[in-house]
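Numbering (the numbering used here), first residue to last: 69 to 198. Where a beta carbon is used, it is the ideal one built from N, C-alpha and C, also for glycine. Read through the structure below, which is laid out as structure tokens, and then see the notes.
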């Protein structure tokens, strides 16, 4: 199976709230852009991952393929907390130690970060994706 873990430097973009659930949807979230060279790798790996997912679907010939989590420019928006039931990301410093609430409270759009993300295949009924 494809190497589906990626590490890259980027900048936090858009509305950012990683401190505590709040707002209209009572959740947290942040955005970032995946560099072009990493998007190319992810797209290539995605084909192999989708092949695996289709092989696990109830009817591999009649699967709906979900859209990617990134758009054409590599922009990603990740929301979590509240009622989303999505996994909370782990925020660590440059040494690998978890950062405290005060650091999370100060995280804003424009902050330079290193992101490690993993692309995993899934099957949900007749829908497959990564």
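Contact check, residue i vs residue j, beta carbons under 8 Å
| i | j | result |
| --- | --- | --- |
| residue 106 | residue 179 | no |
| residue 73 | residue 86 | no |
| residue 84 | residue 103 | no |
| residue 91 | residue 177 | no |
| residue 94 | residue 164 | no |
| residue 196 | residue 118 | yes |
Contact belief for residue i with residue j at Cβ below 8 Å, rounded distance in angstroms
| i | j | result |
| --- | --- | --- |
| residue 89 | residue 187 | About 26 Å separates the two Cβ atoms, so there is no contact after all. |
| residue 194 | residue 132 | 6 Å |
| residue 145 | residue 99 | 4 Å |
For residue j and residue i, the rounded distance between their alpha carbons
| i | j | result |
| --- | --- | --- |
| residue 110 | residue 162 | 24 Å |
| residue 101 | residue 175 | 16 Å |
| residue 125 | residue 147 | 27 Å |
| residue 127 | residue 121 | 11 Å |
| residue 129 | residue 135 | 18 Å |
| residue 160 | residue 184 | 11 Å |
| residue 123 | residue 198 | 14 Å |
| residue 192 | residue 137 | 16 Å |
| residue 141 | residue 158 | 25 Å |
| residue 171 | residue 156 | 16 Å |
| residue 173 | residue 181 | 15 Å |
| residue 169 | residue 139 | 30 Å |
| residue 75 | residue 152 | 25 Å |
| residue 143 | residue 189 | 20 Å |
| residue 71 | residue 108 | 13 Å |
Identity of the residues DSSP links to residue i by a beta bridge
| i | result |
| --- | --- |
| residue 73 | 186 |
| residue 196 | 133, 191 |
| residue 180 | 79 |
| residue 148 | 96 |
| residue 143 | 101 |
Residue-chain proximity (residue i, chain D), Cβ-Cβ < 8 Å
| i | result |
| --- | --- |
| residue 138 | You won't find chain D in this structure, because it holds only one protein chain. |
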